[in-house]
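Peer 1: All residue numbers for the sequence shown refer to full-length UniProt numbering, where the first residue is 1 and numbers rise by one. Note that beta-carbon positions come from the ideal geometry of N, C-alpha and C, so glycine has one too. Keep in mind it's a predicted model, so treat the numbers as computed, not measured.
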Amino acid sequence: MDGVFAREFESLERAVEIGIASDSVISVSFPADLDDAADGQHPLFDRIGAYLGGRSDHLDDVEVALTVPTDHRQVLEATRNIPHGKTVSLDRVIRMAGLDPDDDAARETARTALAGNPTPLFVPDHRVRDAPGGAPAGVAERLRAIESA
Numbered sequence: 001m002d003g004v005f006a007r008e009f010e011s012l013e014r015a016v017e018i019g020i021a022s023d024s025v026i027s028v029s030f031p032a033d034l035d036d037a038a039d040g041q042h043p044l045f046d047r048i049g050a051y052l053g054g055r056s057d058h059l060d061d062v063e064v065a066l067t068v069p070t071d072h073r074q075v076l077e078a079t080r081n082i083p084h085g086k087t088v089s090l091d092r093v094i095r096m097a098g099l100d101p102d103d104d105a106a107r108e109t110a111r112t113a114l115a116g117n118p119t120p121l122f123v124p125d126h127r128v129r130d131a132p133g134g135a136p137a138g139v140a141e142r143l144r145a146i147e148s149a
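#1: How about I20 and G3: are their beta carbons less than 8 Å apart?
#2: Considering only their Cβ atoms, is the gap separating A115 from H126 smaller than 8 Å?
#3: When the Cα of D118 is compared with those of D23, A145 and L66, which residue comes out closest?
#4: Rounded to whole angstroms, what's the CA-CA distance from A78 to A106? Just pull it up for me.
#5: What separation, rounded to the nearest whole angstrom, lies between the Cα atoms of G85 and T109?
#6: For the pair the stretch 91 to 107 and the stretch 8 to 17, tell me if three or more CB-CB distances fall below 8 Å.
#7: Taking C-alpha atoms, which residue in H42, A113, T87 and I94 lies nearest to R73?
#8: CB-CB under 8 Å to V75, same chain, minus the five flanking residues each way: which ones, in chain order?
#9: On the premise that F5 lies in contact with A38, defined as a C-beta separation below 8 Å, what is that separation, rounded to the nearest angstrom?
#10: From the DSSP output, which residues share a beta bridge with R14?
#11: Just reading off the alpha helix (DSSP H) that I48 is part of, what are its end residues?
#12: Can you check which of these residues, S148, Y51, I146 and A15, is closest to F30 by C-alpha distance?
#13: Quick check: the Cα distance between H42 and G133, rounded to an integer number of angstroms?
#14: Identify the continuous alpha helix (DSSP H) that holds V139 and give its terminal residues.
#15: Can you name, in chain order, every residue of its own chain whose Cβ lies under 8 Å from the Cβ of V68, other than the five neighbours on each side?
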């Protein structure tokens, strides 16, 4: 089921919009207003709703297609392995990606990868302390609150 799908979620006070291609998530955004023509009928929305309702779901079995540079992919794939309810430092993510946290270029690569994360929620950058993420700050804060409840 390919296309762009969106549904409003009261717990976020926003919509979640997902782009699907070849049965893989390729994009996630959190628009403030939902397009009236948006298709809200995708099976992932039931899982997202349960997750936002407090169900512990790592969402790691959802296929994600990352069309990013290789070094960014390493960082995002490492981030995907951070368990639900846990937070880690940027240095830890850099190490998990096989990079050197003392290398300024590696730090910049990691920060850039996280800031440009095309699939926040499925690549849970909100679990990385002291780093930017692909979701708006208020959404990331809400996701952390949901996971720590």
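Peer 2: Reading from the atomic positions:
#1: The residue labelled residue 20 in the question sits at position 20 within the sequence shown. The residue labelled residue 3 in the question sits at position 3 within the sequence shown. Cβ atoms of I20 and G3: closer than 8 Å.
#2: By one-based count along the sequence shown, residue 126 stands at place 126. By one-based count along the sequence shown, residue 115 stands at place 115. Cβ distance not < 8 Å, so H126 and A115 don't count as in contact.
#3: The residue labelled residue 118 in the question sits at position 118 within the sequence shown. The sequence given here places Pro at residue 118; Asp does not occur at that position. Comparing Cα positions, the closest option is L66.
#4: Reading the sequence shown from its first residue, position 78 is the one you call residue 78. Reading the sequence shown from its first residue, position 106 is the one you call residue 106. Counting only the Cα atoms, A106 lies some 14 Å from A78.
#5: The sequence position of residue 85 within the sequence shown is 85, counting from 1. The sequence position of residue 109 within the sequence shown is 109, counting from 1. Each residue's alpha carbon lies about 25 Å from the other.
#6: no
#7: Here residue 73 is taken as the residue at index 73 of the sequence shown, counted from 1. Of the candidates H42, A113, T87 and I94, the one whose C-alpha sits nearest the C-alpha of R73 is A113.
#8: Locating residue 75 in the sequence shown gives position 75, counting from the first residue. Result list for V75: V93, I94, A97, L99, T109, A110, A113 and L114, in chain order.
#9: Position 38 of the sequence shown holds residue 38. Position 5 of the sequence shown holds residue 5. Indeed, because the Cβ distance is near 7 Å, the residues count as touching under 8 Å.
#10: Position 14 of the sequence shown, counting from 1, holds the residue named residue 14. Beta-bridge pairing links R14 to F9.
#11: In the sequence shown, residue 48 corresponds to position 48, counting from 1. L44 to L52 is the extent of the alpha helix (DSSP H) around I48.
#12: Counting from one through the sequence shown, the residue named residue 30 turns up at place 30. Of the listed residues, the one whose Cα sits closest to F30 is A15.
#13: Numbered from 1 along the sequence shown, position 42 holds the residue referred to as residue 42. Numbered from 1 along the sequence shown, position 133 holds the residue referred to as residue 133. For H42 and G133, the distance between alpha carbons rounds to 25 Å.
#14: Residue numbering aside, residue 139 sits at position 139 when the sequence shown is read from its first letter. Per DSSP, V139 belongs to the alpha helix (DSSP H) from A137 to S148.
#15: Position 68 of the sequence shown, counted from the start, is the residue given in the question as residue 68. Closer than 8 Å at the Cβ level, and outside the excluded window around V68, lie L76, A113, G116 and P118.
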